[in-house]
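Heads up: the structure comes next, in structure tokens.
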Amino acid sequence: MALLPVEEALRRLLNGAAPLPAESAALHDAFGRVLAEAVTARRTQPPFDASAMDGYAVRAVDVATVPVRLSVVGEAPAGRAFAGTVAAGQAVRVFTGAPLPAGADTIVIQENVRRLDGATIEVLEPAGESRNIRRAGLDFRTGDALLEKGRLLDPAALSLAASADHPRIAVVRRPLVAVIATGDELVAPGGALGPDQIISSNAYGVAAAAASVGARALDLGIAADRKEAIAALVRQAVEADADVIVTLGGASVGDRDLVHDVLTGEGMTLDFWKIAMRPGKPLMFGRLGTRWCIGLPGNPVASLVCSQLFLKPLLARLGGRPFAQDIRAARLGGALPANDQRQDYIRAVVRETQNGLLATPFGVQDSSMLRTLSDANGLIVRTPHASAAAAGDLCSVLLLRDPAPATAS
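For the sequence shown, my numbering assigns the number 1381 to the initial residue and increments by one for each residue that follows.
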């Protein structure tokens, strides 16, 4: 079977992927979700002319010339309007957010007033008409379009929806990813390791990758290298109504790589198997009914690189989110040999310099080495059959985190 180019594999994996159906969410549960329907205002805000400051509601004509003394005839705290009307020579004590009393047309802020006694003030600074007043509908009016479909709900958007009188809003359902690790050699962190076993680590990074684009992860644990054990966890994923089933390991070509046979036996239609990339060649993809099935490599770095390139774009699309890899131009900080037929993703430290980004590859790129992936903040992307490159040559780098600041000279 010929190796599939990365771009073609991604195109096929995303084919048919669209935002999942909408569901209703309370505002307290909607942060980071994606709007499935536009939000319009159910009310006007402010619903009345309101004071924007603590002070006194007066007639502008009465305070055009200062100093001037006015009689205080009442008070209007926020939430309770003054029942009367402000007449000539009168003032009403008001607080921020309180309705503007009838008859008043301006607010004198309290800093510009001297209180003479309980019933009299002296205004020290003039105030023109409409000063310090928030007019009804200043923010929005009933029926105004406030938030567009597809908006990622941040704190400001949620507060706006609440102000518009929406206790619940329609959001795109978050994709559910069921994660299944496979292998007799694997033991969960904290477990008792046998002499020939290793710690299972991939599921944690894959779950975090899913969460970073708003998806939910269901870790179904570790399946032993037996078809019935793997099949049991696949069925659990189906029963949980997972949108995506991710298997870790067991998808290569060895006698103990059983995932392909199990998934096809459960009804999966295989789309592709083996990608022209490094790390991550044994990536597998198929559909089990409406579900996406992705078989990630067992090597930790390959698993996480494939999650970045394939799983995150899929989950973002299912969740209604925009997603684009952050690929930038850089200069090489070290020489690289000529490439073969596979597209390389080389772990590197990317730094800001006066001349742009500098990407320095790690010397050893074994796909089992998680420490170098953790230390890396970028992947140098080398196209198939790329020529040898020297330090200082241009390259493309996929940023995983922000570039490191330039080192002090």
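Note that beta-carbon positions come from the ideal geometry of N, C-alpha and C, so glycine has one too.
Residue ranges of uninterrupted beta strand (DSSP E) with 3 or more members, entirely inside the stretch 1397-1431 and ordered along the chain, are 1402-1406. The beta carbons of K1529 and L1695 sit no closer together than 8 Å.
Fewer than three pairs of CB atoms, one per stretch, sit closer than 8 Å, so the stretch 1700-1708 makes no contact with the stretch 1598-1606. Rounded to whole angstroms, the Cβ separation of L1384 and P1693 is 16 Å, and the two are not in contact under 8 Å. For the pair I1625 and I1560, the CB atoms are nearer than the 8 Å cut-off. Assigned with DSSP and collapsed to three states, L1526 falls in strand. Every unbroken stretch of the beta strand (DSSP E) spanning 3 or more residues and falling wholly within the stretch 1692-1728 is given here in chain order: 1707-1712. Here R1667 carries a strand assignment [DSSP, helix/strand/coil].
Two segments are said to touch when three or more pairs of C-beta atoms, one from each, lie closer than 8 Å; by this definition the stretch 1504-1512 does not touch the stretch 1449-1462.
In this structure, L1676 sits away from L1737, with a CB-CB distance that is not shorter than 8 Å. The Cβ atoms of A1484 and A1410 lie no closer than 8 Å to each other.
Within the stretch 1516-1586, the runs of alpha helix (DSSP H) that reach at least 4 residues and sit entirely inside it are, in chain order, 1535-1543.
The beta carbon of F1742 sits closer than 6 Å to those of R1727 and T1752, all from its chain and outside the five residues before and after it, given in chain order. Using a Cβ distance threshold of 8 Å, L1480 and I1513 count as a contacting pair.
Beta bridge pairing from DSSP links Q1688 with no other residue. Looking at L1613, E1646, E1619 and D1605, the one whose alpha-carbon comes closest to that of D1637 is D1605. Three or more Cβ pairs closer than 8 Å define a contact, and the stretch 1579-1593 meets that threshold against the stretch 1564-1571. Under the three-state reduction of DSSP, D1442 is assigned to helix. With 16 or more other CB atoms across the displayed protein chains lying within 10 angstroms of its CB, I1610 is buried. A contact between stretches requires three or more CB pairs, one per stretch, nearer than 8 Å, and the stretch 1706-1720 fails this requirement with the stretch 1684-1692. Between T1420 and S1431, the alpha-carbon positions lie close to 25 Å from each other. Annotated three-state conformation of D1755 is helix, per DSSP.
In the DSSP annotation of this structure, the continuous segment of the beta strand (DSSP E) that includes I1501 starts and ends at T1500 to V1503.
In the DSSP assignment, V1730 forms a beta bridge with A1739.
Here D1497 is exposed: its Cβ has fewer than 16 other Cβ atoms, across all protein chains shown, within 10 Å. Classified as buried, S1747 has 16 or more neighbouring CB atoms from the shown chains inside 10 Å of its CB. T1740 is the residue among A1544, T1740, G1630 and Q1470 whose C-alpha sits nearest the C-alpha of P1783. DSSP, reduced to helix, strand and coil, places V1488 within a strand of the structure shown. Here L1393 is buried. Its C-beta has 16 or more other C-beta atoms within 10 Å.
Every beta strand (DSSP E) stretch that sits fully inside the stretch 1444-1477 and reaches 3 residues is listed by chain position as 1448-1456 and 1470-1474. By the Cβ rule, the stretch 1663-1676 counts as touching the stretch 1641-1650, because three or more pairs are nearer than 8 Å. Less than 8 Å separates the beta-carbon of A1544 from that of R1422. DSSP lists no bridge partner for A1622.
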